[in-house]
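Residue numbers (our numbering), protein chains in the order written: chain B, 1 to 348; chain L, 1001 to 1348. Notes follow once the structure below has been shown.
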């Protein structure tokens, strides 16, 4: 069972474990500062397939296969997989997962997909509806460019606020038993829209969503940033990260000294031409797994708030002059499997 | 708490109630045989907005507003809304729900969205993670035509197997307490792909997914079609319905005498030019609520299996010669709030 805390947070009574994870990336991501941390890096961005969309599906298929291999499970050991991506009709996930025969819960939450998937999956386990579940999210630079922006061949110049969609996929196995980390609580995000219309500045559109979810989590739990070793956002990039820190300051819960952003970690902005940083549903899915989960398994990070952030625009809404709504779902990962009790702090 | 039954089904220990529902449709749907059953019918397909995408968002906004009105709740009484639609990046849901401030769990499961939403929502309530939740799915003929097929102005001729995307939205309120019906069990669908490539024959692509989910539900529960007053699919249309009945015959669980399809109920195929019937994520969302939930409230239908069916293609995958994968999630609705126990039958 889970139980509600405050207005917006659900805490797990038997926090499920992230029992295993797998990550795969492309060459640009391998050449970044985290390159050696990923399980699989493919220099060929096509992943051997004939179209970019098929390439991203192949990326998903390989990452899920790797998750099964690493965890020693068969596909039919999994009760469901919660998955999504950025492509129209989420076809990277559909075609990537098609061959496994696992029940699929399709999600769309843009670059916040992996925290929605981890949160929902943890609640399904804690509530008894599943014995094990996978969470998976992907993105691919080449599919995203042609769908959201312009054909690669066009060579469009990108402004400094633009981010670079990562070619990356992260897959997680949630199980009742396992080594740390555990999912202790989740806060689902509301749609926040402060009127940003520049699709080349999605960090600015997403920062208020992350700030609002953080605010609600801290209000519900009476915890504060100091209770956490790290507060990790999805892909706010340089612009959005600065905005989030300012907003958190204004909310009286400064996070600057423990905040990190997956979009800023993935690339070396000085050396790699990614402007404001990385983005994409696969960016935070791969970086959380590659960087932080091993630290939590080793015990060097004990409590971590993970907020993947998603901009919920489409090319059509941009063309129609709409503003960009955003969302951010929060997952509290901990090395402690103890159910959270209000007033007791975060614990180790 | 929920508990697992067999390999693929989860049963609710405290089956949540569908405490309220709301439906809205366009003129073509109002002129069909169910016209007077919908809460709201708007003769103006634009719903007063300047683009088709904004029209569909407005349809979602009005339907959700109606759900709150009918149920006597405020938006902040709801812990979350699980929602999705057919548009790229699910923008009908995002922009339609933006003003409510309710945490949003974005789903993508094509025309199976509403059964995924009801199933997940019920499990979140039963597992203690939410006290109340809304489920919502929409579609709009004009957005779907231009996104999936060709511009309306083109006047493309449609083959007999084609279906008509309904302009419709259905929204549901799940609560711990309430009058019937209750969600007693759910079976999440697997992705089935038997090689259909004709995007004008999606009923044929989807029927195997519904048959497979039905097969798994009956295998898990040891129930049979005779335990149910109605077995209602989403939008298989004429072609897909016949295929499903044949597949169910072959599986030894004939459903023909109690099967109905929302896509066939919505329109009068003799009088309205819809070829194989209605479709769209909003079709089954509106028809289930308008037709069957009142019957269950009155007690004239006691046990009903609802399987919305989704074709997970995109225009891009069709252009790339891919086959059409499909999925169907199952929800068992009952006038009995008793937890299901294997070997005891469906009960009244």
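For glycine and all other residues, C-beta sits at the position ideal for the given N, C-alpha and C.
Cβ pair residue i, residue j closer than 9 Å
{"i": "residue 1223 (chain L)", "j": "residue 1346 (chain L)", "result": "yes"}
{"i": "residue 1263 (chain L)", "j": "residue 1310 (chain L)", "result": "no"}
{"i": "residue 1168 (chain L)", "j": "residue 1286 (chain L)", "result": "yes"}
{"i": "residue 161 (chain B)", "j": "residue 289 (chain B)", "result": "no"}
{"i": "residue 1353 (chain L)", "j": "residue 1340 (chain L)", "result": "Because chain L spans 1001 through 1348 in this model, residue 1353 (chain L) falls outside it and cannot be assessed."}
{"i": "residue 1139 (chain L)", "j": "residue 1279 (chain L)", "result": "yes"}
{"i": "residue 214 (chain B)", "j": "residue 67 (chain B)", "result": "no"}
{"i": "residue 203 (chain B)", "j": "residue 327 (chain B)", "result": "no"}
{"i": "residue 1333 (chain L)", "j": "residue 1293 (chain L)", "result": "yes"}
{"i": "residue 1323 (chain L)", "j": "residue 1195 (chain L)", "result": "yes"}
{"i": "residue 1335 (chain L)", "j": "residue 1180 (chain L)", "result": "yes"}
Burial state of residue i (16 or more Cβ within 10 Å)
{"i": "residue 1270 (chain L)", "result": "exposed"}
{"i": "residue 1239 (chain L)", "result": "buried"}
{"i": "residue 1152 (chain L)", "result": "exposed"}
{"i": "residue 156 (chain B)", "result": "exposed"}
{"i": "residue 54 (chain B)", "result": "buried"}
{"i": "residue 1197 (chain L)", "result": "exposed"}
{"i": "residue 1147 (chain L)", "result": "buried"}
{"i": "residue 1300 (chain L)", "result": "exposed"}
{"i": "residue 1043 (chain L)", "result": "exposed"}
{"i": "residue 163 (chain B)", "result": "buried"}
{"i": "residue 170 (chain B)", "result": "buried"}
{"i": "residue 184 (chain B)", "result": "buried"}
{"i": "residue 98 (chain B)", "result": "buried"}
{"i": "residue 159 (chain B)", "result": "exposed"}
{"i": "residue 154 (chain B)", "result": "exposed"}
{"i": "residue 1015 (chain L)", "result": "buried"}
For residue i, the first and last residue of its enclosing beta strand (DSSP E)
{"i": "residue 1276 (chain L)", "result": "Unbroken run through residue 1276 (chain L): none, as it is neither H nor E."}
{"i": "residue 172 (chain B)", "result": "168-175"}
{"i": "residue 1414 (chain L)", "result": "Given that chain L is displayed from residue 1001 to residue 1348, the structure contains no residue 1414 (chain L) and the question cannot be resolved."}
{"i": "residue 133 (chain B)", "result": "132-139"}
{"i": "residue 1037 (chain L)", "result": "It is not in any beta strand (DSSP E) - residue 1037 (chain L) carries neither H nor E in the DSSP assignment."}
{"i": "residue 107 (chain B)", "result": "Careful: residue 107 (chain B) lies outside any beta strand (DSSP E) and carries neither H nor E."}
{"i": "residue 218 (chain B)", "result": "Counting along the chain, residue 218 (chain B) falls outside any beta strand (DSSP E), though it belongs to the alpha helix (DSSP H) covering 202-221."}
{"i": "residue 114 (chain B)", "result": "Taken as a continuous stretch (DSSP letters only), residue 114 (chain B) belongs to no beta strand (DSSP E), being part of the alpha helix (DSSP H) at 113-126."}
{"i": "residue 182 (chain B)", "result": "182-187"}
Cutoff 9 Å: residue i Cβ touching any chain B Cβ
{"i": "residue 1029 (chain L)", "result": "no"}
{"i": "residue 1054 (chain L)", "result": "yes"}
{"i": "residue 1046 (chain L)", "result": "no"}
{"i": "residue 1272 (chain L)", "result": "no"}
{"i": "residue 1279 (chain L)", "result": "no"}
{"i": "residue 1231 (chain L)", "result": "no"}
{"i": "residue 1176 (chain L)", "result": "no"}
Closer than 9 Å to chain L by CB, residue i
{"i": "residue 182 (chain B)", "result": "no"}
{"i": "residue 102 (chain B)", "result": "yes"}
{"i": "residue 188 (chain B)", "result": "yes"}
{"i": "residue 68 (chain B)", "result": "no"}
{"i": "residue 25 (chain B)", "result": "no"}
{"i": "residue 7 (chain B)", "result": "yes"}
{"i": "residue 18 (chain B)", "result": "no"}
{"i": "residue 98 (chain B)", "result": "yes"}
{"i": "residue 312 (chain B)", "result": "yes"}
{"i": "residue 126 (chain B)", "result": "yes"}
{"i": "residue 95 (chain B)", "result": "yes"}
{"i": "residue 163 (chain B)", "result": "no"}
{"i": "residue 191 (chain B)", "result": "yes"}
{"i": "residue 91 (chain B)", "result": "yes"}
{"i": "residue 322 (chain B)", "result": "yes"}
{"i": "residue 116 (chain B)", "result": "yes"}
{"i": "residue 325 (chain B)", "result": "yes"}
For residue j and residue i, believed in contact at Cβ under 8 Å, the rounded distance
{"i": "residue 100 (chain B)", "j": "residue 75 (chain B)", "result": "4 Å"}
{"i": "residue 1069 (chain L)", "j": "residue 1130 (chain L)", "result": "Actually they do not touch by this definition, with Cβ atoms about 21 Å apart."}
{"i": "residue 108 (chain B)", "j": "residue 1082 (chain L)", "result": "Not confirmed; about 11 Å, so no contact."}
{"i": "residue 23 (chain B)", "j": "residue 38 (chain B)", "result": "5 Å"}
{"i": "residue 7 (chain B)", "j": "residue 216 (chain B)", "result": "7 Å"}
{"i": "residue 1165 (chain L)", "j": "residue 1218 (chain L)", "result": "The Cβ separation is near 31 Å, so there is no contact."}
{"i": "residue 110 (chain B)", "j": "residue 247 (chain B)", "result": "Actually they are not in contact, since the Cβ atoms of residue 110 (chain B) and residue 247 (chain B) sit about 20 Å apart, beyond 8 Å."}
Where the alpha helix (DSSP H) through residue i begins and ends
{"i": "residue 1318 (chain L)", "result": "1315-1319"}
{"i": "residue 62 (chain B)", "result": "52-71"}
{"i": "residue 156 (chain B)", "result": "First-last for residue 156 (chain B): undefined, no H or E at that position."}
{"i": "residue 238 (chain B)", "result": "237-250"}
{"i": "residue 1297 (chain L)", "result": "1293-1298"}
Proximity test, residue i beta-carbon vs the ligand ZN heavy atom, cut-off 8 Å
{"i": "residue 1132 (chain L)", "result": "Ligands displayed in this structure: none; no statement on the ligand ZN is therefore possible."}
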